[in-house]
Amino acid sequence: MKKEFDVFFKARSVVIIGLSPNPGNLGRNIIANSRRWGYEGKFFGVSPSPGENDGVAIFKSLDALPEKPELAVVFTKANLVPEILLDCARYGLRHIAVSSAGFEETGKAEGIELAEKIKKICREKGLYLVGPNGIATANTQNGLCLSFMPLDKPAKGRIAFITQSGGIGTGMATRMKNDGFPLGKFVSLGNKTVLDEIDFLEYFAYDSDTDIICFFLEDLRRAREFIELAKTINKPIIIYKANNTPYGAFAASTHTGALKNDEAVMDGAFRQAGIIRAYSVSELINLGRAFLMPPMKGNRLLIISPSGGMAVIMSDLAYKYGFELPPIPQDISEKYSAFRRAGIIDFKNPVDFGDIYSAEVQRNCLRELLARDDFDGLATAYIYRDPETLKHFKTLGQLQRDLVAEFNETIETIHKPVGLMMTVPYRYKEELFARSKYPIYDSPEEVVYVLARMRDYFLRRRK
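Throughout the sequence shown, residue numbering follows my numbering, covering 2 to 464 in sequence.
Laid out in C-alpha coordinates, this is it:
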(Lines of atoms letter the chains of each structure in order from A and count residues from 1; the text may use other names and numbers.)
(Lines give C-alpha, C1' and ligand atoms only; values in the text may rest on other atoms or scores of the structure.)
Protein backbone atom coordinates (compact mmCIF):
# COMPACT_ATOMS: atom_id res chain seq x y z
CA MET A 1 0.00 0.00 0.00
CA LYS A 2 2.89 2.38 0.69
CA LYS A 3 3.87 2.93 -2.96
CA GLU A 4 0.20 3.34 -3.86
CA PHE A 5 0.26 6.69 -2.05
CA ASP A 6 2.83 8.09 -4.48
CA VAL A 7 -0.08 9.08 -6.71
CA PHE A 8 -1.30 11.62 -4.14
CA PHE A 9 1.99 13.50 -4.56
CA LYS A 10 3.27 12.55 -8.01
CA ALA A 11 0.16 12.41 -10.17
CA ARG A 12 0.82 13.61 -13.71
CA SER A 13 -2.86 14.31 -14.38
CA VAL A 14 -5.70 15.38 -12.09
CA VAL A 15 -9.46 15.69 -12.52
CA ILE A 16 -11.30 18.20 -10.35
CA ILE A 17 -14.85 16.92 -9.89
CA GLY A 18 -16.96 19.95 -9.13
CA LEU A 19 -14.96 22.46 -11.18
CA SER A 20 -17.46 24.60 -13.09
CA PRO A 21 -17.05 27.43 -15.63
CA ASN A 22 -17.95 29.93 -12.89
CA PRO A 23 -14.87 32.18 -12.32
CA GLY A 24 -15.65 32.15 -8.59
CA ASN A 25 -15.60 28.35 -8.33
CA LEU A 26 -13.16 27.35 -5.58
CA GLY A 27 -11.83 24.47 -7.67
CA ARG A 28 -10.12 27.15 -9.75
CA ASN A 29 -7.79 27.79 -6.79
CA ILE A 30 -6.36 24.27 -7.16
CA ILE A 31 -5.27 25.14 -10.68
CA ALA A 32 -3.88 28.52 -9.58
CA ASN A 33 -1.94 27.02 -6.66
CA SER A 34 -0.37 24.31 -8.80
CA ARG A 35 0.62 26.73 -11.54
CA ARG A 36 2.23 29.10 -9.01
CA TRP A 37 4.11 26.16 -7.54
CA GLY A 38 5.41 25.12 -10.98
CA TYR A 39 3.32 22.01 -11.65
CA GLU A 40 3.52 20.91 -15.30
CA GLY A 41 0.92 18.13 -15.25
CA LYS A 42 -2.56 18.15 -16.74
CA PHE A 43 -5.87 19.24 -15.22
CA PHE A 44 -9.40 18.34 -16.28
CA GLY A 45 -12.75 19.32 -14.83
CA VAL A 46 -16.02 17.41 -14.46
CA SER A 47 -19.29 19.24 -13.89
CA PRO A 48 -22.95 19.13 -15.00
CA SER A 49 -22.07 22.42 -16.74
CA PRO A 50 -19.25 21.73 -19.24
CA GLY A 51 -17.02 24.48 -20.58
CA GLU A 52 -13.69 25.76 -19.30
CA ASN A 53 -12.20 27.58 -16.33
CA ASP A 54 -8.81 29.28 -16.41
CA GLY A 55 -7.91 27.34 -19.55
CA VAL A 56 -8.89 23.94 -18.11
CA ALA A 57 -11.48 22.02 -20.12
CA ILE A 58 -14.56 20.88 -18.17
CA PHE A 59 -16.47 17.77 -19.24
CA LYS A 60 -19.90 16.50 -18.28
CA SER A 61 -18.70 13.13 -16.97
CA LEU A 62 -15.60 11.03 -16.36
CA ASP A 63 -16.42 9.00 -19.45
CA ALA A 64 -16.18 12.15 -21.58
CA LEU A 65 -12.58 12.87 -20.56
CA PRO A 66 -10.01 12.64 -23.39
CA GLU A 67 -7.71 10.52 -21.21
CA LYS A 68 -7.81 8.80 -17.85
CA PRO A 69 -6.34 10.97 -15.06
CA GLU A 70 -4.33 9.46 -12.21
CA LEU A 71 -5.95 11.34 -9.33
CA ALA A 72 -9.34 12.90 -8.54
CA VAL A 73 -10.13 15.84 -6.28
CA VAL A 74 -13.79 16.06 -5.26
CA PHE A 75 -15.19 19.47 -4.39
CA THR A 76 -18.98 19.18 -4.40
CA LYS A 77 -21.85 19.11 -1.92
CA ALA A 78 -21.43 16.36 0.66
CA ASN A 79 -24.55 14.43 -0.35
CA LEU A 80 -23.14 13.93 -3.87
CA VAL A 81 -19.86 12.37 -2.74
CA PRO A 82 -20.96 8.70 -2.30
CA GLU A 83 -22.29 8.52 -5.85
CA ILE A 84 -19.17 10.24 -7.18
CA LEU A 85 -17.00 7.63 -5.44
CA LEU A 86 -18.99 4.83 -7.07
CA ASP A 87 -18.52 6.55 -10.42
CA CYS A 88 -14.74 6.83 -9.82
CA ALA A 89 -14.57 3.13 -8.93
CA ARG A 90 -16.47 2.15 -12.07
CA TYR A 91 -14.21 4.37 -14.16
CA GLY A 92 -11.04 2.97 -12.58
CA LEU A 93 -9.94 5.96 -10.48
CA ARG A 94 -8.71 4.64 -7.12
CA HIS A 95 -6.94 7.68 -5.64
CA ILE A 96 -9.29 10.42 -4.48
CA ALA A 97 -8.99 13.50 -2.26
CA VAL A 98 -12.32 14.84 -0.98
CA SER A 99 -12.21 18.49 0.06
CA SER A 100 -15.97 18.77 0.65
CA ALA A 101 -17.23 19.34 4.21
CA GLY A 102 -20.51 18.29 5.82
CA PHE A 103 -19.74 14.82 7.16
CA GLU A 104 -19.07 13.50 10.68
CA GLU A 105 -17.57 16.82 11.79
CA THR A 106 -21.11 18.27 11.84
CA GLY A 107 -22.17 15.87 14.59
CA LYS A 108 -25.48 15.47 12.77
CA ALA A 109 -27.01 12.13 11.80
CA GLU A 110 -27.00 12.96 8.09
CA GLY A 111 -23.28 13.82 8.03
CA ILE A 112 -22.34 10.76 10.08
CA GLU A 113 -24.36 8.53 7.75
CA LEU A 114 -22.61 10.00 4.70
CA ALA A 115 -19.23 9.28 6.30
CA GLU A 116 -20.23 5.66 6.91
CA LYS A 117 -21.28 5.35 3.26
CA ILE A 118 -17.89 6.67 2.17
CA LYS A 119 -16.07 4.13 4.36
CA LYS A 120 -18.16 1.28 3.02
CA ILE A 121 -17.69 2.24 -0.63
CA CYS A 122 -13.92 2.69 -0.27
CA ARG A 123 -13.57 -0.61 1.56
CA GLU A 124 -15.63 -2.55 -0.97
CA LYS A 125 -14.20 -0.87 -4.08
CA GLY A 126 -10.57 -0.63 -2.97
CA LEU A 127 -10.40 3.18 -3.08
CA TYR A 128 -7.75 5.30 -1.34
CA LEU A 129 -9.35 8.47 0.00
CA VAL A 130 -7.81 11.52 1.71
CA GLY A 131 -10.27 13.66 3.66
CA PRO A 132 -13.02 14.71 3.58
CA ASN A 133 -13.04 18.21 5.03
CA GLY A 134 -9.38 18.95 4.23
CA ILE A 135 -7.20 20.62 1.60
CA ALA A 136 -5.79 17.45 0.01
CA THR A 137 -2.08 17.10 -0.78
CA ALA A 138 0.92 19.02 -2.09
CA ASN A 139 4.50 18.34 -3.19
CA THR A 140 7.11 21.08 -3.47
CA GLN A 141 9.33 18.92 -5.69
CA ASN A 142 6.93 18.84 -8.66
CA GLY A 143 4.64 21.74 -7.73
CA LEU A 144 1.46 19.69 -7.33
CA CYS A 145 -0.72 21.66 -4.89
CA LEU A 146 -4.33 20.50 -4.58
CA SER A 147 -5.47 22.97 -1.91
CA PHE A 148 -8.57 25.02 -2.72
CA MET A 149 -7.21 27.65 -0.31
CA PRO A 150 -4.29 29.87 -1.40
CA LEU A 151 -1.10 28.14 -0.23
CA ASP A 152 2.32 29.80 -0.07
CA LYS A 153 5.08 27.59 -1.42
CA PRO A 154 7.84 26.93 1.13
CA ALA A 155 11.38 26.07 0.12
CA LYS A 156 11.87 22.62 -1.38
CA GLY A 157 13.10 20.08 1.11
CA ARG A 158 12.80 16.68 2.72
CA ILE A 159 10.40 17.30 5.61
CA ALA A 160 6.91 15.80 5.37
CA PHE A 161 4.06 17.63 7.08
CA ILE A 162 0.77 15.90 7.92
CA THR A 163 -2.01 18.08 9.32
CA GLN A 164 -5.52 17.27 10.44
CA SER A 165 -6.62 20.86 9.93
CA GLY A 166 -6.63 22.54 6.53
CA GLY A 167 -6.57 25.99 8.13
CA ILE A 168 -3.49 25.10 10.17
CA GLY A 169 -1.96 23.75 6.97
CA THR A 170 -2.36 27.03 5.11
CA GLY A 171 -1.05 29.05 8.04
CA MET A 172 1.90 26.71 8.49
CA ALA A 173 2.78 26.98 4.80
CA THR A 174 3.16 30.74 5.22
CA ARG A 175 5.25 30.30 8.38
CA MET A 176 7.39 27.71 6.60
CA LYS A 177 8.01 30.09 3.71
CA ASN A 178 8.95 32.94 6.05
CA ASP A 179 11.20 30.79 8.24
CA GLY A 180 13.02 28.87 5.52
CA PHE A 181 11.39 25.55 6.48
CA PRO A 182 12.25 23.10 3.65
CA LEU A 183 9.01 21.24 3.00
CA GLY A 184 8.79 18.14 0.86
CA LYS A 185 5.31 16.66 0.89
CA PHE A 186 2.14 17.89 2.58
CA VAL A 187 -1.13 16.13 3.35
CA SER A 188 -4.30 17.44 5.00
CA LEU A 189 -6.11 14.49 6.61
CA GLY A 190 -9.33 16.33 7.45
CA ASN A 191 -11.80 13.97 9.11
CA LYS A 192 -9.59 10.90 8.50
CA THR A 193 -12.66 8.98 7.36
CA VAL A 194 -10.65 6.42 5.37
CA LEU A 195 -6.91 7.16 5.42
CA ASP A 196 -5.40 8.46 8.66
CA GLU A 197 -2.10 9.38 10.31
CA ILE A 198 -1.00 5.74 10.55
CA ASP A 199 -1.34 5.22 6.81
CA PHE A 200 0.80 8.27 6.05
CA LEU A 201 3.30 7.61 8.83
CA GLU A 202 3.94 4.24 7.21
CA TYR A 203 4.19 5.84 3.77
CA PHE A 204 6.67 8.54 4.81
CA ALA A 205 8.71 6.05 6.83
CA TYR A 206 9.63 4.32 3.58
CA ASP A 207 9.54 7.38 1.29
CA SER A 208 13.05 8.01 -0.05
CA ASP A 209 12.25 11.73 -0.46
CA THR A 210 11.49 12.21 3.25
CA ASP A 211 13.96 12.49 6.16
CA ILE A 212 11.77 14.05 8.88
CA ILE A 213 8.04 13.54 9.59
CA CYS A 214 6.02 16.33 11.26
CA PHE A 215 2.39 16.16 12.40
CA PHE A 216 -0.32 18.50 13.60
CA LEU A 217 -3.08 16.33 15.07
CA GLU A 218 -6.24 16.87 17.06
CA ASP A 219 -6.58 13.22 18.07
CA LEU A 220 -5.07 9.76 17.62
CA ARG A 221 -7.86 7.32 16.91
CA ARG A 222 -5.63 4.26 16.63
CA ALA A 223 -3.12 5.42 19.21
CA ARG A 224 -1.69 2.03 20.17
CA GLU A 225 -1.06 1.09 16.52
CA PHE A 226 0.51 4.48 15.86
CA ILE A 227 2.89 4.14 18.81
CA GLU A 228 3.92 0.60 17.87
CA LEU A 229 4.61 1.68 14.28
CA ALA A 230 6.60 4.72 15.42
CA LYS A 231 8.91 2.47 17.46
CA THR A 232 10.06 0.78 14.24
CA ILE A 233 10.87 4.00 12.35
CA ASN A 234 14.36 5.53 12.36
CA LYS A 235 13.34 8.94 11.04
CA PRO A 236 12.56 11.72 13.55
CA ILE A 237 8.80 11.97 14.17
CA ILE A 238 7.66 15.32 15.60
CA ILE A 239 4.06 15.83 16.72
CA TYR A 240 2.17 18.90 17.85
CA LYS A 241 -1.04 17.50 19.28
CA ALA A 242 -3.80 19.96 20.17
CA ASN A 243 -7.20 19.18 21.77
CA ASN A 244 -5.69 18.87 25.25
CA THR A 245 -8.31 20.73 27.32
CA PRO A 246 -12.12 20.69 27.67
CA TYR A 247 -12.28 23.87 25.56
CA GLY A 248 -10.03 22.40 22.90
CA ALA A 249 -12.04 19.17 22.91
CA PHE A 250 -15.26 21.07 22.25
CA ALA A 251 -13.67 23.04 19.38
CA ALA A 252 -12.15 19.88 17.86
CA SER A 253 -15.43 17.98 17.99
CA THR A 254 -17.12 20.66 15.88
CA HIS A 255 -14.13 21.05 13.54
CA THR A 256 -13.03 17.56 12.49
CA GLY A 257 -15.05 15.39 14.86
CA ALA A 258 -11.86 14.61 16.82
CA LEU A 259 -12.03 12.90 20.21
CA LYS A 260 -9.84 13.88 23.18
CA ASN A 261 -6.97 11.55 24.19
CA ASP A 262 -5.61 11.07 27.72
CA GLU A 263 -2.66 13.48 27.79
CA ALA A 264 -0.63 11.80 30.55
CA VAL A 265 -0.86 8.46 28.78
CA MET A 266 -0.04 10.11 25.45
CA ASP A 267 3.08 11.81 26.82
CA GLY A 268 4.44 8.58 28.22
CA ALA A 269 3.67 6.64 25.06
CA PHE A 270 5.37 9.29 22.90
CA ARG A 271 8.54 9.13 25.00
CA GLN A 272 8.55 5.34 24.91
CA ALA A 273 8.25 5.35 21.12
CA GLY A 274 10.93 8.02 20.63
CA ILE A 275 8.39 10.53 19.30
CA ILE A 276 9.38 14.17 19.76
CA ARG A 277 6.46 16.19 21.11
CA ALA A 278 6.12 19.87 20.22
CA TYR A 279 3.97 22.13 22.36
CA SER A 280 3.32 24.99 19.92
CA VAL A 281 3.27 25.76 16.22
CA SER A 282 6.58 27.61 16.54
CA GLU A 283 8.15 24.67 18.33
CA LEU A 284 6.98 22.27 15.62
CA ILE A 285 8.74 24.39 12.99
CA ASN A 286 11.86 24.93 15.11
CA LEU A 287 12.26 21.23 15.92
CA GLY A 288 11.51 20.15 12.37
CA ARG A 289 14.31 22.33 11.03
CA ALA A 290 16.72 21.31 13.78
CA PHE A 291 16.75 17.67 12.75
CA LEU A 292 18.09 18.64 9.34
CA MET A 293 21.44 19.02 11.09
CA PRO A 294 23.84 16.24 12.10
CA PRO A 295 22.96 14.57 15.40
CA MET A 296 23.77 16.01 18.81
CA LYS A 297 25.60 12.90 19.98
CA GLY A 298 26.43 14.00 23.51
CA ASN A 299 25.92 16.54 26.26
CA ARG A 300 28.99 18.77 25.80
CA LEU A 301 28.05 22.21 24.50
CA LEU A 302 30.29 24.95 23.13
CA ILE A 303 28.92 28.49 23.41
CA ILE A 304 30.36 31.33 21.30
CA SER A 305 29.03 34.86 20.98
CA PRO A 306 30.36 38.31 20.06
CA SER A 307 28.12 39.57 22.88
CA GLY A 308 29.02 38.88 26.50
CA GLY A 309 25.41 39.34 27.56
CA MET A 310 24.20 36.77 25.05
CA ALA A 311 26.87 34.34 26.25
CA VAL A 312 25.51 34.74 29.79
CA ILE A 313 21.94 34.04 28.64
CA MET A 314 22.98 30.95 26.71
CA SER A 315 25.03 29.71 29.67
CA ASP A 316 22.00 29.97 31.95
CA LEU A 317 19.95 28.06 29.39
CA ALA A 318 22.65 25.40 29.07
CA TYR A 319 22.45 24.85 32.84
CA LYS A 320 18.65 24.74 32.71
CA TYR A 321 18.69 21.99 30.08
CA GLY A 322 21.47 19.96 31.69
CA PHE A 323 24.37 20.60 29.31
CA GLU A 324 28.02 20.41 30.27
CA LEU A 325 30.28 23.33 29.25
CA PRO A 326 33.77 21.80 28.90
CA PRO A 327 36.74 24.18 29.22
CA ILE A 328 38.50 25.49 26.14
CA PRO A 329 41.59 23.37 25.32
CA GLN A 330 44.71 25.21 26.50
CA ASP A 331 46.48 25.20 23.12
CA ILE A 332 43.54 26.92 21.42
CA SER A 333 43.13 29.38 24.28
CA GLU A 334 46.77 30.41 24.02
CA LYS A 335 46.68 30.58 20.23
CA TYR A 336 43.64 32.86 19.93
CA SER A 337 44.07 34.94 23.09
CA ALA A 338 46.80 36.75 21.17
CA PHE A 339 44.15 38.26 18.87
CA ARG A 340 42.29 40.07 21.67
CA ARG A 341 42.56 43.82 21.15
CA ALA A 342 42.15 44.95 24.75
CA GLY A 343 43.11 41.68 26.39
CA ILE A 344 40.42 41.99 29.06
CA ILE A 345 38.15 39.06 28.13
CA ASP A 346 39.18 35.61 29.35
CA PHE A 347 39.12 32.83 26.78
CA LYS A 348 36.68 30.40 28.41
CA ASN A 349 33.52 28.47 27.53
CA PRO A 350 31.36 30.43 26.83
CA VAL A 351 33.70 32.15 24.39
CA ASP A 352 33.19 35.89 24.11
CA PHE A 353 34.35 37.16 20.69
CA GLY A 354 33.60 40.78 21.62
CA ASP A 355 37.31 41.61 21.82
CA ILE A 356 38.33 39.97 18.51
CA TYR A 357 37.81 42.28 15.51
CA SER A 358 38.69 39.90 12.71
CA ALA A 359 36.05 37.90 10.86
CA GLU A 360 38.68 35.43 9.70
CA VAL A 361 40.04 34.84 13.20
CA GLN A 362 36.53 34.40 14.61
CA ARG A 363 35.65 31.90 11.90
CA ASN A 364 38.87 29.89 12.24
CA CYS A 365 38.66 29.79 16.01
CA LEU A 366 35.04 28.66 15.99
CA ARG A 367 35.72 25.84 13.54
CA GLU A 368 38.88 24.69 15.29
CA LEU A 369 37.04 24.50 18.61
CA LEU A 370 33.94 22.74 17.27
CA ALA A 371 36.08 20.16 15.48
CA ARG A 372 37.64 19.04 18.77
CA ASP A 373 36.31 15.89 20.44
CA ASP A 374 35.67 18.00 23.57
CA PHE A 375 32.39 19.33 22.11
CA ASP A 376 29.23 17.74 20.66
CA GLY A 377 27.54 20.89 19.36
CA LEU A 378 27.60 24.67 19.23
CA ALA A 379 25.21 27.40 20.38
CA THR A 380 26.04 30.78 18.91
CA ALA A 381 24.50 34.17 18.19
CA TYR A 382 25.28 36.89 15.67
CA ILE A 383 23.81 40.13 14.42
CA TYR A 384 23.35 40.74 10.70
CA ARG A 385 23.50 44.49 10.35
CA ASP A 386 21.98 46.51 7.56
CA PRO A 387 24.72 47.02 4.92
CA GLU A 388 23.64 50.65 4.52
CA THR A 389 24.23 51.27 8.22
CA LEU A 390 27.66 49.61 8.16
CA LYS A 391 28.94 52.07 5.55
CA HIS A 392 29.34 54.50 8.46
CA PHE A 393 31.11 52.04 10.81
CA LYS A 394 34.34 50.75 9.28
CA THR A 395 35.43 48.48 12.17
CA LEU A 396 32.06 46.76 12.52
CA GLY A 397 31.84 46.49 8.75
CA GLN A 398 34.96 44.32 8.75
CA LEU A 399 33.09 41.70 10.82
CA GLN A 400 30.11 41.47 8.49
CA ARG A 401 30.24 38.40 6.27
CA ASP A 402 28.05 35.77 4.67
CA LEU A 403 27.10 33.96 7.88
CA VAL A 404 24.63 31.70 6.07
CA ALA A 405 27.27 30.22 3.77
CA GLU A 406 29.83 30.13 6.58
CA PHE A 407 27.66 28.14 9.00
CA ASN A 408 26.28 25.84 6.31
CA GLU A 409 29.86 24.93 5.43
CA THR A 410 30.80 24.53 9.11
CA ILE A 411 27.96 22.07 9.73
CA GLU A 412 28.76 20.04 6.62
CA THR A 413 32.52 19.82 7.16
CA ILE A 414 32.56 19.21 10.93
CA HIS A 415 29.35 17.13 11.08
CA LYS A 416 28.07 18.59 14.31
CA PRO A 417 24.93 20.65 14.95
CA VAL A 418 25.12 24.43 15.18
CA GLY A 419 22.31 26.27 16.91
CA LEU A 420 22.58 29.65 15.21
CA MET A 421 20.64 32.65 16.42
CA MET A 422 20.81 35.59 14.05
CA THR A 423 19.25 38.98 14.63
CA VAL A 424 18.33 40.20 11.15
CA PRO A 425 16.61 43.37 9.89
CA TYR A 426 13.16 42.30 8.76
CA ARG A 427 13.63 43.17 5.09
CA TYR A 428 16.62 40.80 4.79
CA LYS A 429 15.26 37.93 6.89
CA GLU A 430 13.30 35.90 4.33
CA GLU A 431 16.12 36.01 1.77
CA LEU A 432 18.78 34.96 4.29
CA PHE A 433 16.68 32.19 5.80
CA ALA A 434 15.75 30.87 2.35
CA ARG A 435 19.43 30.56 1.39
CA SER A 436 20.30 28.47 4.42
CA LYS A 437 20.11 24.68 4.29
CA TYR A 438 19.94 24.64 8.07
CA PRO A 439 17.86 26.47 10.67
CA ILE A 440 18.43 30.01 11.85
CA TYR A 441 16.67 30.97 15.06
CA ASP A 442 15.35 34.21 16.49
CA SER A 443 16.23 33.77 20.16
CA PRO A 444 18.80 32.12 22.45
CA GLU A 445 15.97 30.20 24.12
CA GLU A 446 15.10 28.51 20.82
CA VAL A 447 18.73 27.65 20.09
CA VAL A 448 19.55 25.89 23.36
CA TYR A 449 16.13 24.26 23.63
CA VAL A 450 16.28 22.59 20.21
CA LEU A 451 19.83 21.37 20.84
CA ALA A 452 18.61 19.83 24.10
CA ARG A 453 15.70 18.11 22.36
CA MET A 454 18.07 16.80 19.67
CA ARG A 455 20.43 15.49 22.35
CA ASP A 456 17.59 13.76 24.21
CA TYR A 457 16.28 12.15 21.02
CA PHE A 458 19.61 10.73 19.87
CA LEU A 459 20.71 9.57 23.32
CA ARG A 460 17.39 7.80 23.81
CA ARG A 461 17.68 6.19 20.37
CA ARG A 462 21.22 5.06 21.15
CA LYS A 463 19.91 3.10 24.14
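Backbone N, C-alpha and C fix where the C-beta goes; we use that ideal spot for every residue, glycine too.
- Scanning the segment 261 to 310 from its first residue to its last, the whole alpha helix (DSSP H) runs of 4-plus residues come out as 264 to 274, 282 to 291.
- One alpha carbon belongs to ASP64, the other to ILE85, and they sit about 13 Å apart.
- Excluding five sequence positions before and after PRO445, the CB atoms of its chain that fall closer than 7 Å to its own CB belong to MET311, ILE314, MET315, LEU318, ALA382, MET422, given in chain order.
- Residue pairing of HIS96 in beta bridges, as defined by DSSP: TYR129.
- Contact check for PRO418 and GLY378: beta-carbon distance about 4 Å, within the 8 Å limit, so the pair qualifies.
- Looking at TYR458, PRO307, LYS464, the one whose alpha-carbon comes closest to that of SER359 is PRO307.
- Distance between PHE227 and GLU361, taken at the CA atoms: about 50 Å.
- Per DSSP, the unbroken alpha helix (DSSP H) holding GLY167 starts and ends at 167 to 180.
- Secondary structure at ASP353: strand, using DSSP grouped into helix, strand and coil.
- Under the three-state reduction of DSSP, MET315 is assigned to helix.
- For SER338, the enclosing alpha helix (DSSP H) has its first and last residue at 331 to 338.
- Spanning the alpha carbons of VAL451 and ARG176 requires a straight line of approximately 18 Å.
- ILE238 and SER166 have their C-alpha atoms roughly 18 Å apart.
- TYR322 is positioned such that its CB atom lies no closer than 8 Å to that of PHE6.
- Excluding the 5 residues flanking it on each side, LYS3 has same chain C-beta neighbours closer than 7 Å at GLU203, TYR204, TYR207, in chain order.
- Below 8 Å, enough C-beta pairs join the segment 11 to 31 and the segment 141 to 160 to call them touching: three or more.
- Nearest neighbour of ASN179 by Cα position, chosen from ILE136, GLY42, LEU433, GLY168, turns out to be LEU433.
- The beta carbon of LYS61 sits closer than 6 Å to those of PRO51, all from its chain and outside the five residues before and after it, given in chain order.
- Secondary structure at ARG159: strand, using DSSP grouped into helix, strand and coil.
- ARG456 is a Cβ neighbour of MET297, given a cutoff of 8 Å.
- Comparing alpha-carbon positions, the option among VAL47, ARG37, ALA279 lying closest to VAL15 turns out to be VAL47.
- For VAL74 and LYS120, the gap between their C-alpha atoms comes out near 17 Å.
- For ALA435, the uninterrupted alpha helix (DSSP H) segment begins and ends at 427 to 436.
- For MET150, the secondary structure class from DSSP, reduced to helix, strand or coil, is coil.
- When the beta-carbon positions are compared, GLY158 and LEU184 come within less than 8 Å of each other.
- By the neighbour-count definition (other C-beta atoms within 10 Å, threshold 16), HIS96 is a buried residue.
- Annotated three-state conformation of LEU145 is strand, per DSSP.
- The C-beta separation of ALA137 from SER189 comes to about 6 Å, placing the pair in contact by the 8 Å criterion.
- In the displayed model, TYR385 falls within coil according to three-state DSSP, outside both helix and strand.
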